[in-house]
Each structure stands twice: as structure tokens, then as C-alpha cells.
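Have a look at the structure below before the remarks.
Protein chains: 2
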Amino acid sequence: MRVEYEITCGKHQDIGNLSEEIAREQTVEMPLAALPETIRREIVGRVEATDLIPGSWRRFRVRIAYPVEITAYQIPQFLNILFGNISLKNFIRIQDVEFPPSFISRFQGPKFGLEGVREKLGVNGRPLAATALKPMGRSPEELAALAGAFALGGGDLIKDDHGLADHAFCPFRERVRQCREALDRAAQKTGKKTGYFPNVIGSHAQILEQAEFAASQGADGVLLAPFLTGLDTLREVSETFGLACMTHPAYTGIHFHDPAHGVRPAFLLGSLFRLCGADLSVFPNSGGRFGFTRRECGEIQDALLRPWGPLRPAWPVPAGGMSLESIPEMAGQYGHNAVYLIGGALLHPAEQLAAATKQFMRTLETHFPAAASGGGMLEPGT
Amino acid sequence: MRVEYEITCGKHQDIGNLSEEIAREQTVEMPLAALPETIRREIVGRVEATDLIPGSWRRFRVRIAYPVEITAYQIPQFLNILFGNISLKNFIRIQDVEFPPSFISRFQGPKFGLEGVREKLGVNGRPLAATALKPMGRSPEELAALAGAFALGGGDLIKDDHGLADHAFCPFRERVRQCREALDRAAQKTGKKTGYFPNVIGSHAQILEQAEFAASQGADGVLLAPFLTGLDTLREVSETFGLACMTHPAYTGIHFHDPAHGVRPAFLLGSLFRLCGADLSVFPNSGGRFGFTRRECGEIQDALLRPWGPLRPAWPVPAGGMSLESIPEMAGQYGHNAVYLIGGALLHPAEQLAAATKQFMRTLETHFPAAASGGGMLEPGT
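Sequences listed follow chains A and B, in order.
If you use this note's numbering, the first sequence corresponds to residues 19 to 400, in order.
If you use this note's numbering, the second sequence corresponds to residues 19 to 400, in order.
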């Protein structure tokens, strides 16, 4: 397993020594002199490259190879080797990881992926139109009314806002039941399916109970924030239920605040979430309320969609302050293999949601005309 | 529930607006104008203070009150409200949280705490002398030999290195069984107990299995890294087994790299881990291999030990590059209610571990003479 770092080296530091320190810190946590030869050879990371980044002042691209066995082929220990102790140091950023097939093969990755979610929703050749049920504080009835209006407008996919938990003022089961019923009623009128992804959050037992209930009610997937629930919970939910998994980036921002320390967004929200079972990965689009650049978003998109061994491709879900006005630019950047998630801007005012959704679908149609005839768009007038 | 932030305000930003944005982002994620009056009043955070930090240039101490109900009284949703979306913004640091009794009362906190761990180990009036079994790559036999030597030297507590997982080359059960046997044999010779805390890591099911096995073998506790396993797993392990929980800070460093963004160490490694059940919290001591300041370490110590409603106090475990030479300074800073954890420096060379441990205990004795007579020190000559 090869980990690629970007390291900013202090004036009085030597990049070779620093890299060797990392290779030890992430494995044996002892000076080499204290180690028997076999452990030095078979356990300690091996520094393979320390290249100055052209044009930079003491920023280096470092590559260290680790024996894959030390990950114990599981996610928490992988995170440990990746960034456990060195997260407590400074100016170290994880750029990417090259996994050997023996590691990848232990993971299923996206259970449905790009094609599987298209099949679930019956949409081909165009992006998926999605919204978020919000705000926290609305009752199950009110959220179900929003879900129904979005479905009547012809939208493809609804996720809960990630702030919706199993609240006393909006219990999970009641919300899921009512929203699913509203979507069924709408589907009877329109003949078109609208997918629903409720948010699962709580203790491990609560998350499994919620996912099981969602599946029993015919939900198509769940929304889950891996850095709130524990990353391995994503893998478990993905493997256990017949539910597509949409990941939310809540709490991941601590990795990205300083580009000189942490983990590159494309590896975390792209490759790693995909490996752990994300069928769809929500991330903050450039130009919205958060600070990702267009380039970073493109890298996330690529990490989700690129061919990667046996793992299915996953959906990019650029979000965070999008509106109907964002669609032309999103169409240019993301094309048809993406979920266009418009939340607050679509929901306000609530009584115009069905009309706004129709406008959403018409705008998509103008950008993806080929899909309009056979790709799951509503007939005019419905 | 009141959250206290430190916010660095840009030149063209207004701290009032910025604070209101946070209060919305962490709750409704919508403009106020789009909200009914009840949600504005009952769900959205209320900005209570925005005070310029004296002597700073646009750094503000901000306090926002949130209705505690929105946490759903559970850890993942609490993390979500605390820092979910705003982790993706910049220059926001969580300083502290004032929890209402209705939240605290849902949590047990440290199951054993300061006094309970003293009782388990039979040590009073002085710090605990601890070491870490390492490095990764050693066999169960080799690690058990180290454990036995440390016990024969009179040490109080052994934890696994946090890099030890359920590896093919050192399976968890074999390691626990052999280490426990070695400690029993040593105790028969010395008459003194030495506690053992194996490291639990893996899927949720694996962690519970490991903890259960550890308890069945008479382990006194477990080591667990909450930001690898998911923070709520700490709470569950603490509540489920009769095991003391020692937390490891692996992967928490992403919160601390930039003091202008993230979470203050004392809140995360102190208060929050304690709330979730940490009986002992390992953190990087100042002067070691990591960059915490003496002041930050003092704040962690205080967060673990201070009176806090019904929650028991927990042990500070300053670590990360400590040696026998560090003891005088540690004694001055931490006194007797702390675990002095010396890892690599004590283990090298391995064949002198028993002697080095005796030296460790004698050094403690000189600093805490009152405990030497009745506080669990070995008699001279054992």
C-alpha cells in the first residue's frame, strides 16, 4: 500500500529524516536501533520518494510504502496507519493512496453505483434532480407535504437534511412512513418514481434499526455522515441492507481547512467513501456556501467515477447553496452523471415547490435534450 | 446548550452576521425569511455574545445557545450540531460547550474514574506507572514477555500500542491470553497487580467481541481510539462491559493543526471523551514528539479532573516520547492523579525492561514518598 503525502518542510528540517519519522510513527513508534531486523524490514514503512514540488519553497511530494497486512484489512486500522498519530503533527497532507488488490478485494464498494441507482429510479441519460427535506423543526406531515410536491413536480430523488435525526418533534419512523406514503401517492398520479433517502444517525444499534425500518418501508437508500457515525458504519450499512448509501460530508471539514495539513478532499469524499460503500457522495460545490474550488470538485468527481478495479462508480452530488441558476454551470462541469441537489432555494416558498420542481426539470431538459424523450422525464402537463 | 466559539473574522466580514450564519447553518440551513416563526424561535441557534478578544485583531469570542432537543440526546447528532457543516468553513474553533443537566444525565461518563481505577489496581497516593506494548510486528509471546518484565519490575498498568490490531501476525485473542497469563505469573511472584488494557479496533462487531473476550480473560480495561472507531463506540463499550476505558488520540490531530479552526484539545480529549466514558485519556504531553503546549496539557488535565455534575473524574495520561528523565517535570505539572506513560524509552533494550521499570518506580517514590509505605509500591528486593 502506497501513501502519497504532501509535506511542508521547516527551514531546519530535512525532508528525508522527516519522511523516515513518519514511516516509523505510523508503524512501530520506536527508533530503528531498538528494532530487530525482521520488524525493520517487514513492518516499518519504506520511503520511496521525496520530491520537491516544482516552484514551491520546501513543499515535497513524499511516497511511503507500507505492508498492507498492518491495516488488518479493516477501515479503522487503515485510518490509523493513514493518519493516526501524524494527524497530531503539522503540515502533513494525505494526497492519495494506492491500494493493492488484496486490500480492495475485501471491500464491496458501492452496492448499486451509477447504473444501479439509475435502474432504481428509472432515469437514463441525464443528471438526477434532487432536493433535501428541511428544515429541522418541521413535522413529519409538513416534510411529507414537501416530498409529495417535489414528486408531483417530477423530481427524482429526495434526501433528508442531514440535521434530521430521530427527534421527539419529528420521529424517524413517522417521518419515513409519511414521506414514503406521500411519494407513493404522487407516483400514482404521475407514473414516475421519486426516490427517498432518509438520514440515519444515532448509536450503532439505532442506525441499523433505522436502516432496517427504511428498507421495510420501501426507501431506496439512506443518507449517512461517516464522520459522525464512524466510517466503518457506512461499510456495514452498505453491505447489510439493499439500500443505496448517500454520504454527507458533515464534520469532514477539519481535514480541509488548511491545504497543508489533513486529507485531500478527492481522496476522502471520493475514493475512501466509494471504497466504503458510498453510491452517492454529497460534497460542497464551488460557488456555493463553502470554499471548495472548481478544481477540487473536479477531482472529487473523478475519484468517484474513474474506473477502479472491481469497484462500481459512484455519483457525485455537488451541493451546498445551489439554485436553478446554477444548473448551466453544473451541466458544463458535471454533465449527466451527477446528482444536482438544490435544497433551500427550491423549498422557498414551500407552496410553490411543485412548480419550482417542474422548472428544475425543464431546465435540465434544455441541457440534456436527448434524455427528454425516453429518459424518465414527465410528459408535459403532468 | 451553549457553544463557545473563537472566530477569526475577515476584513470585510461582520462578526454579527457571521455568528448568525453559524446559528442557522448548524440548525435549519435556510434563510430566516423562509422560516415560520415557531422554527425561528424554537430551533435556530441564538447568538448571545460576540466579544472581541482583547489585544487581538478581529478574533472574537462568540457564544450561541441551541435548544438541547436538537441533539436528540445522542453523540453523533451532537457532533453534527457542534461542528458538522461549519467544519467545512474556515477560521471557526470550538472552545467549549456548556451542557444542560438534561443532556449530561443521559450519559454515564467514566464508569470507574479516578477512584475506581485506583481500586482496580490497588494504588493510592501516587501516579500510576504505565507502559505500552510495542512495536507492531512482535509476536504474542514477545509482547507477553515484555508485559511480564514490566510487572516484575513493579509497574502498574500496561496498554497495547494503539497500532496493535487483530493482525494475522499477532492475533488479538492470542495476545490477550498470553499477556494476561504473563501478568498473573508475575503477580504470583510479586504479590502486586499490574493492569492490562488491550487495544480494541475493527468493525463494531469486532470491537464488541474483542472487549468481551478481554473482559473474559480478566483484562482491567481496553484502549480505544474514538476517532478511528466512531466516538459513540466509546460510550457503548464503556456502558456495556465492566472494563475501564482508556482513550487514544489517534486521528484527533486534524482538530488541532491550526488553533484558529477545529476544536480545542481540552474540550475534545478532556470533556467530550470524559462525557462518553473515558476513564483515562491519553494525550501528547508537551516536550515530547508532538506539539501541544504546557498550557494546553494543563487545560486537558483540568477538563478531566474538575468537578462536573454527576460525572466521575478521569485520569490524565500525558504521553508521546516520555522517558524517566521526564518524571520530575511531570510530577511538578501533573502531581499524583495522573498516569505516567513511558513507552519506547522504557522498552529499549527489552532485556532490561524489568530493571528499567524498577528504576521508574524508585523515581516515582522519590517524588511521592508518602505513597511508598502503603500505596502499592513493591517491597525493596522483589
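Note that CB positions come from ideal geometry on N, CA and C, so glycine has one too.
Report all residues from its chain with a CB closer than 7 Å to the CB of B:Leu70; omit the five preceding and five following residues, and keep chain order. Excluding residues within five positions, the ones whose Cβ falls inside 7 Å are Phe78.
Roughly how many angstroms lie between the CA atoms of A:Val62 and B:Asp238, to the nearest whole one? Our two residues, A:Val62 and B:Asp238, have alpha carbons roughly 30 Å apart in a direct line.
Would you call B:Lys177 buried or exposed, if buried means 16 or more other Cβ atoms sit within 10 Å of its Cβ? Buried is the call here.
May I have the straight-line CA-CA distance separating A:Ala169 from B:Pro94, to the nearest angstrom? Approximately 30 Å, taken between the alpha carbons.
Report the neighbours of A:Asp202 on chain B: residues whose CB is nearer than 8 Å to its CB, in chain order. Neighbours of A:Asp202 in chain B, taken as residues whose beta carbon is under 8 Å from its own, are absent, since the nearest beta carbon is some 27 Å off.
Could I get the ranges of all uninterrupted beta strand (DSSP E) runs contained in the segment 170-209 of chain A, with 3 residues as the minimum, in chain order? If we require 3 residues or more, the beta strand (DSSP E) runs fully inside the segment 170-209 of chain A come out as 175-178.
Just verifying my parser: in three-state terms, what is the DSSP assignment at A:Val86? Of the three classes helix, strand and coil, the one that applies to A:Val86 here is helix, per DSSP.
My assumption, with CB atoms under 8 Å, is that A:Tyr214 sits in contact with A:Ala262. Please give the rounded CB distance. Not a contact, Cβ separation roughly 11 Å.
For B:Leu252, which residues from the same chain have a beta carbon less than 8 Å from its beta carbon, with the 5 sequence-adjacent residues on both sides left out? Only Leu242, Pro244, Cys263, Thr265, Phe291, Cys294, Gly295 and Ala296 meet the Cβ criterion.
Could you pull out every residue in the same chain whose Cβ sits closer than 7 Å to the Cβ of B:Arg136, ignoring the five residues on either side in sequence? Residues Asn142 of the same chain have their beta carbon placed closer than 7 Å to that of B:Arg136, with the five preceding and five following residues left out of the count.
Can you name the start and end residues of the alpha helix (DSSP H) that B:Gly271 belongs to? Looking at the DSSP string, B:Gly271 is not in any alpha helix (DSSP H), and its letter there is neither H nor E.
Under a Cβ-count criterion, where at least 16 other Cβ atoms within 10 Å of its own Cβ denotes burial, should B:Gly28 be classed as buried or exposed? Counting the other Cβ atoms within 10 Å of the Cβ of B:Gly28 gives fewer than 16, which makes it exposed.
Using a Cβ-Cβ distance cut-off of 8 Å, determine whether B:Gln235 contacts chain A. Not an interface residue.
Would you mind telling me which residues of chain A sit closer than 7 Å to B:Pro302, beta carbon to beta carbon, in chain order? The contacting residues are Leu106.
Can you find at least 3 beta carbon pairs, one from the segment 107-117 of chain A and one from the segment 295-313 of chain A, that sit closer than 8 Å? No contact exists between the segment 107-117 of chain A and the segment 295-313 of chain A.
Three-state secondary structure assigned by DSSP to B:Asn98: B:Asn98: helix per DSSP, three-state reduction.
Which chain A residues sit within Cβ distance under 8 Å of B:His30? Listed along chain A is no residue with a C-beta nearer than 8 Å to that of B:His30; the closest approach is about 15 Å.
Can you tell me where the alpha helix (DSSP H) holding A:Pro244 begins and where it ends? Following the DSSP letters along the chain, one finds A:Pro244 inside the alpha helix (DSSP H) bounded by residues Pro244 to Thr247.
Report the rounded CA-to-CA distance for A:Leu365 versus A:Ile40, giving the unit in angstroms. Straight-line measurement puts the Cα of A:Ile40 at about 48 Å from the Cα of A:Leu365.
Can you check whether the CB of A:Thr68 is closer than 8 Å to the CB of A:Val80? Yes.
Looking at the secondary structure, which residues open and close the alpha helix (DSSP H) in which A:Tyr352 lies? Per DSSP, the unbroken alpha helix (DSSP H) holding A:Tyr352 starts and ends at Ile345 to Tyr352.
Could you tell me the distance, in whole angstroms, from the CA atom of B:Leu359 to the CA atom of B:Pro336? So the alpha carbons of these two residues sit roughly 7 Å apart.
Three-state class that DSSP yields for A:Asn35 in the structure shown: The answer is helix: DSSP assigns A:Asn35 an H, G or I state.
7 Å CB neighbourhood of B:Leu36 in its chain, flanking five on each side removed: Closer than 7 Å at Cβ, skipping near neighbours: Ile25 and Cys27.
Going by CA-CA distance only, name the one from A:Gly361, A:Phe301 and A:Met154 that's closest to A:Met340. Relative to the Cα of A:Met340, the nearest Cα in the group A:Gly361, A:Phe301 and A:Met154 belongs to A:Gly361.
For A:Phe125, which residues in the same chain have their Cβ closer than 6 Å to its Cβ, ignoring the five residues on either side in sequence? Excluding sequence neighbours, A:Phe125 sits near Leu293.
To the nearest whole angstrom, what separates the beta carbons of A:Ala182 and A:Arg195, a pair I think is in contact under 8 Å? It should be pointed out that residue 182 of chain A corresponds to Leu in this sequence rather than to Ala. The beta-carbon distance between A:Leu182 and A:Arg195, rounded to whole angstroms, is 14 Å. This is too long to meet the 8 Å contact definition.
With DSSP run on the structure shown, which of helix, strand or coil describes A:Ile57? Helix at A:Ile57.
By alpha-carbon positions, which one of A:Gly172, A:Gly209 and A:Pro119 ends up nearest to A:Ala372? Answer by Cα proximity: A:Gly172.
Can you tell me whether B:Glu47 is helix, strand or coil according to DSSP? In the three-state reduction of the DSSP assignment, B:Glu47 falls in the coil class, being assigned neither a helical nor a strand state.
Report the rounded CA-to-CA distance for B:Pro367 versus A:Pro49, giving the unit in angstroms. So the alpha carbons of these two residues sit roughly 11 Å apart.
Taking Cβ positions only, does A:Val86 come closer than 8 Å to chain B? Not one chain B Cβ lies under 8 Å of A:Val86.
How would you list, in chain order, the residues of chain A whose beta-carbon sits under 8 Å from the beta-carbon of B:Asn355? Residues of chain A passing the Cβ test: none, with the nearest at roughly 24 Å.
Quick one, are the C-beta atoms of A:Leu175 and A:Ala148 less than 8 Å apart? Closer than 8 Å, so yes.
Near-chain B residues of the segment 209-235 of chain A (beta-carbon distance less than 7 Å), N- to C-terminal order: So the close ones are Ile219, Gly220, Ser221 and His222.
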